[in-house]
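Chains as they are written, first to last, in the working numbering: chain A, 8 to 215; chain B, 8 to 215.
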């Protein structure tokens, strides 16, 4: 297979992917913002989130910055920011901030030394927890511990579920396709020999 | 935070998650089928796909089986199978197959000793490549190399992109919410100082 064809095909296999902008900053104060489709839940307690970092690409700045400051932010991409988010993957120089180049707004919060994306409706700061080398293809799984979460309050439902559809979070398929969503339903906790039920957005049983 | 509230909240942070059933089989020929929302693209060349395995849960059978046979299948969940897929997370005994319990159909293909899900429109077999321990929370990143891909042919587009929306692939948010998608657009490869363009489903420029 030609390599571009192969890249598009293989990138489609894993299914819908999360769309997140990772904000970081080096020790000189230069900011970086990069789109990642590999952000993955690692665990809830402690709250750990990871992403796959490739070794020799434009996104390398992100890892270099995180190694310098031990902090980064993850910012969900939404229906208003998906084009700007995609544009961050252009090969800008290290001294060109993707914020300025794409029109996204850096937002700083007390005691956190790395920028958030103001336009994101669900964003959080992490401290570097672990860098796990992947021998198979020389990539790395970078894991952070969540320290601060900023979310539009109406999206957080009674049982802790965050309705990311209500804040227009998008997903990615392949390398370059962006999607909004339509909820089928939430489902009750699966138990052996018990029928599943659709539950409400707040996690309650639907009254019959 | 109470632990269930916390689990739902933290599981919502990473964004939309892929919905895949992992099929496996132990050396006695007992099958297992388990829903994972952590399947992630690791690399295109070689073609590597991974998932996060927790150490002490019902899904542990998957890892045990993979260690025994070195093979597994990944099967995208779609609009017809999402409820059955969710039900696989009930705590069945090792000798109860999730296939029988949930009504999904095991499908065997020549030279592959682990079952696919017949109802899945995009599925592939992998051989175990690497198990990467994650010290932070005692989980593991299990990585397989893709050996065989089975996909509804009409979904594979001219440039290699697989239109997973056309085969009704679903995504997950939080722990238990399922979503179908609506494409905003595919976007052209991002370049510095060049305007992004919407491209067609086949990857072509849209004629003006």
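Note that CB positions come from ideal geometry on N, CA and C, so glycine has one too.
Step through the CB atoms of chain B and report whether any lies within less than 8 Å of the CB of residue 160 (chain A).
-> Chain B, which has no Cβ nearer than 8 Å to the Cβ of residue 160 (chain A), makes this no.
Cβ-based neighbour list, residue 54 (chain A), same chain, cut-off 7 Å, excluding 5 preceding and 5 following = Spatial neighbours of residue 54 (chain A) in its own chain (CB-CB distance under 7 Å, excluding positions within 5 residues in sequence) are listed in chain order as 152 and 153.
Counting only the same chain and skipping the five closest in sequence on each side, list residues whose C-beta sits under 8 Å from that of residue 3 (chain A).
-> Here chain A comprises residues numbered 8 to 215, so residue 3 (chain A) is not present and cannot be evaluated.
Within-8 Å CB hit, residue 68 (chain A) to chain B | By this cut-off, residue 68 (chain A) is not an interface position.
So what's residue 85 (chain A) in DSSP terms, helix, strand or just coil?
-> Secondary structure at residue 85 (chain A): strand, using DSSP grouped into helix, strand and coil.
Spell out a yes or no on whether the segment 12-26 of chain A and the segment 20-40 of chain B are touching, meaning 3 or more CB-CB pairs, one atom from each, closer than 8 Å.
-> Taking 8 Å as the limit for Cβ pairs, the verdict is that the segment 20-40 of chain B does touch the segment 12-26 of chain A.
With 7 Å as the limit, tell me which residues of the segment 194-210 of chain A have their beta carbon closer than that to any beta carbon of chain B; keep them in chain order.
-> Contacts with chain B (Cβ-Cβ distance below 7 Å) from the segment 194-210 of chain A involve 194, 197, 198, 199 and 203, listed in chain order.
Those runs of the beta strand (DSSP E) which lie wholly inside the segment 17-43 of chain A and span at least 3 residues = If one requires a minimum length of 3 residues, the beta strand (DSSP E) runs lying completely within the segment 17-43 of chain A are 27-32 and 38-43, in chain order.
Of all the options A:48, A:211, A:33 and A:119, which has the alpha carbon lying nearest to the alpha carbon of residue 164 (chain A)?
-> Comparing Cα-Cα distances from residue 164 (chain A) to each of A:48, A:211, A:33 and A:119, the minimum goes to A:211.
Just the chain B side, please: which residues come within less than 8 Å of residue 53 (chain A) by C-beta, in chain order?
-> Result: 143 and 144.
Helix, strand or coil at residue 75 (chain A) [DSSP, three-state] | Reduced to three states, the DSSP call for residue 75 (chain A) is helix.
Quick one: which residues of the segment 16-37 of chain B get their C-beta closer than 7 Å to a C-beta of chain A? List them in chain order.
-> Cβ contacts with chain A come from 16, 17, 18, 19, 20, 21, 22, 23, 24, 25, 26 and 27.
Put residue 13 (chain A) into one of helix, strand or coil per three-state DSSP.
-> If DSSP states are grouped into helix, strand and coil, residue 13 (chain A) belongs with the helices.
Between A:175, A:98 and A:201, which lies nearest to residue 191 (chain B) when the distance is taken from Cα to Cα?
-> Here the closest residue by C-alpha is A:175.
Are there three or more Cβ pairs, one per stretch, closer than 8 Å when the segment 80-98 of chain B is compared with the segment 115-129 of chain B?
-> Pairwise C-beta distances place the segment 80-98 of chain B in contact with the segment 115-129 of chain B, as three or more of them are shorter than 8 Å.
Which two residues bound the contiguous beta strand (DSSP E) that contains residue 146 (chain A)?
-> Per DSSP, residue 146 (chain A) belongs to the beta strand (DSSP E) from 146-158.
Roughly how many angstroms lie between the CA atoms of residue 65 (chain A) and residue 101 (chain A), to the nearest whole one?
-> In this prediction, residue 65 (chain A) has a pLDDT of 47, which is less than 50 and means its spatial position is unreliable; what the coordinates show is noted afterwards. Their Cα atoms are separated by approximately 9 Å.
So, is residue 115 (chain B) buried or exposed, given that buried needs 16 or more other C-beta atoms within 10 angstroms?
-> Looking at its Cβ environment, which holds fewer than 16 other Cβ atoms inside 10 Å, residue 115 (chain B) is exposed.
Residues of the segment 101-127 of chain B with a CB closer than 7 Å to any CB of chain A: list them in chain order, please.
-> Answer in chain order: no residues at all.
Within 10 angstroms of its Cβ, does residue 231 (chain B) collect 16 or more other Cβ (buried), or is it exposed?
-> Beyond the ends of chain B as shown, which are 8 and 215, falls residue 231 (chain B); an answer cannot be given.
Cβ of residue 135 (chain A) within 8 Å of Cβ of residue 73 (chain A)?
-> Result yes, Cβ atoms of residue 135 (chain A) and residue 73 (chain A) sit closer than 8 Å.
Name the two residues that bound the continuous alpha helix (DSSP H) containing residue 126 (chain A).
-> From DSSP, residue 126 (chain A) is part of no alpha helix (DSSP H); its letter is neither H nor E.
With distances taken Cα to Cα, identify the nearest neighbour of residue 183 (chain B) among A:189, A:16, A:182 and A:197.
-> Residue A:197 holds the alpha-carbon nearest to the alpha-carbon of residue 183 (chain B) among A:189, A:16, A:182 and A:197.
If you check the beta carbons only, do residue 166 (chain B) and residue 120 (chain B) fall under 8 Å apart?
-> No, the pair does not count as a contact, with Cβ atoms beyond the cut-off.
What residue does the alpha helix (DSSP H) around residue 172 (chain A) start on, and which one ends it?
-> Here residue 172 (chain A) belongs to no alpha helix (DSSP H), and DSSP marks it neither H nor E.
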